[in-house]
């Protein structure tokens, strides 16, 4: 297990832990968070090309305030690409296991398509019922992050085995978008799987949670965002991520987050992952 402390001048410390081994389910990644008194304003949530599950079990509540002014407390699920400058996570003395799901496995694990989440945050209890309460209790009963990760992974693997999968054509199209970092034309994807552009758009949207063109844009943004968070300059990040120029990158970052690339690159929510984590 790897762990670190993430600290900024305007926010208290978060303890962060990561599993020593990858999940047994491809497309699943996890991290553990322990808050020791988060600043009231909370942390900005940066959009990510995955579905996020937060399994909260600490003494204080995990709170998410979304862009529409709604508030969600406790364990939750956030749809594909959820986040913006107006979405913040906060709380006090909470602990949680954060799970990021590829949209290819999200439907099987959650029991609903990412499209049903429509990019918003919902209570995990609404999707899993009593199973959400049971995993919360079990996570609180064990004392180490490795035990928590093992419990979470076993639950996810069990649900994945019994859940429904996406169409192989949709899975291939998503994989191509990820592999090319969003630099692929939708008509070429459709031609490669033998579908019309309209059919790919419909099936992809209903199973992944957004149209393929929007998904490609989100994946490209995510790639650039992590290059920025890792310390790369905006001009270089724009070139490497396939943007026409630095201004194009700036417009995309503003569209997804509402803030400048420099501001976004320093957000703790973005910095805790495989690429940007120190």
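In UniProt numbering, the protein residues as written are 1 to 278. All C-beta atoms in this analysis are idealised placements derived from N, C-alpha and C, irrespective of residue type, glycine included.
Asked	Found
Ordered list of beta strand (DSSP E) runs contained in the region 64-128, each at least 3 residues	71-73, 76-78, 84-91, 95-101, 121-123
Whole runs of the alpha helix (DSSP H) within the UniProt domain "HTH araC/xylS-type" (179-267), excluding any shorter than 4 residues	186-193, 197-208, 212-229, 234-240, 246-257, 261-265
Cα-Cα separation, residue 49 to residue 129	26 Å
Cβ-Cβ separation, residue 140 to residue 33 (assumed contact under 8 Å), whole Å	Actually they are not in contact, since the Cβ atoms of residue 33 and residue 140 sit about 14 Å apart, beyond 8 Å.
Extent of the continuous beta strand (DSSP E) to which residue 140 belongs	Run containing residue 140: none in the beta strand (DSSP E); it sits in the alpha helix (DSSP H), 130-141.
Buried or exposed (CB count within 10 angstroms, at least 16 for buried), residue 17	buried
Buried versus exposed, by CB contacts within 10 Å (16 or more), residue 147	exposed
DSSP state of residue 48 mapped onto helix, strand, coil	coil
Residue 36 - DSSP class collapsed to helix/strand/coil	coil
Residue 36 classed as buried or exposed, judged by whether at least 16 other C-beta atoms fall within 10 angstroms	exposed
Sequence-distant residues of the same chain with beta carbon closer than 7 Å to residue 171, five excluded per side	104
Residue from 77, 200, 232, 31 with nearest C-alpha to residue 51	77
Per-residue burial, residue 71 [other beta carbons within 10 Å of its own, 16 or more giving buried]	exposed
Where residue 10 falls, given that 16 or more other Cβ within 10 Å makes a residue buried	Any reading at residue 10 is ruled out, since the residue's pLDDT is 41, under 50, leaving its predicted position unreliable.
Buried or exposed (CB count within 10 angstroms, at least 16 for buried), residue 142	exposed
Whole-number beta carbon distance between residue 87 and residue 66, since they are thought to touch under 8 Å	5 Å
Contact check, residue 121 vs residue 46, beta carbons under 8 Å	no
Within 8 Å, strictly: CB atoms of residue 208 and residue 174	yes
First through last residue of the alpha helix (DSSP H) which encompasses residue 153	145-162
Contact the region 17-29 vs the region 89-100: 3+ CB pairs below 8 Å	yes
Test item: CB-CB of residue 221 and residue 253 under 8 Å	yes
Through-space distance from residue 115 to residue 261, alpha-carbon basis	28 Å
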